[in-house]
Amino acid sequence: MGLNRRVGFFAGLKYRGGGPMWAWMLHRVTGIAMVLFVGTHVFASFFMQQTGSDLATNINIVYESWIFQIVVIFIVIFHGLNGMRIAILDIWPKFQVFQREALWLQLFIFIPIYGLTVFILIQHAVAGSY
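Structural data, given as structure tokens:
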């Protein structure tokens, strides 16, 4: 006899996993975003080199904007730090009980690095370097 759980769709969305669940979801989203970014970048580079396409030029203009770079830097830094956290917890399974503490440590490392990077990008944008 199987389990009989009658949980509605919206009730199922109310999972209360907290921070580690959100980190898990954001890790997947940032991974997909990086794949899309690299794929689009290769596409634009190919068409820029082969045809000099206006579409490729417009994509490169978007890539060079400081706002887009802030988003890409968030994606790369978060995904990298979260991947290291996951790898460390996989290498030493006895630390799995400290999942939330590891996530807090990850955020304490992420926030200053990302904040400094955004500060430098905005400083260059205001100065007109971009």
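Using numbering that gives the first Met the number 0, the letters of the sequence shown map in sequence onto residues 0 to 129. Glycine included, every Cβ here is placed at the ideal spot set by N, Cα and C.
Judging by CA-CA distance, which residue of the options is the nearest neighbour of residue i?
{"i": "Gly114", "options": "Gly79, Ile72, Leu88, Ala86", "result": "Ile72"}
{"i": "Leu134", "options": "Ala124, Gly79, Thr39, Gly127", "result": "Since the first residue shown for the chain is 0 and the last is 129, residue 134 is missing from the structure and cannot be characterised."}
{"i": "Leu104", "options": "Thr116, Ile121, Met83, Gly38", "result": "Met83"}
{"i": "Pro19", "options": "Val117, Ile108, Val96", "result": "Val96"}
{"i": "Arg99", "options": "Gly17, Asp89, Phe109", "result": "Gly17"}
So, helix, strand or coil for residue i, using DSSP?
{"i": "Ser52", "result": "coil"}
{"i": "Ser44", "result": "helix"}
{"i": "Trp103", "result": "helix"}
{"i": "Arg5", "result": "coil"}
{"i": "Gly17", "result": "coil"}
{"i": "Gly38", "result": "helix"}
{"i": "Gly114", "result": "helix"}
{"i": "Gly30", "result": "helix"}
Would residue i pass as a contact of residue j if the rule is Cβ separation under 9 Å?
{"i": "His26", "j": "Ile85", "result": "yes"}
{"i": "Ser44", "j": "Ala55", "result": "yes"}
{"i": "Asn81", "j": "Ala126", "result": "no"}
{"i": "Thr29", "j": "Val75", "result": "yes"}
{"i": "Ile87", "j": "Phe77", "result": "no"}
{"i": "Ile69", "j": "Leu102", "result": "no"}
{"i": "Ile31", "j": "Phe42", "result": "no"}
- Query: In the region 54-83, which residue ranges form an unbroken alpha helix (DSSP H) of at least 4 residues, counting only runs that do not cross its ends?
  - Reply: Whole alpha helix (DSSP H) segments, 4+ residues: zero.
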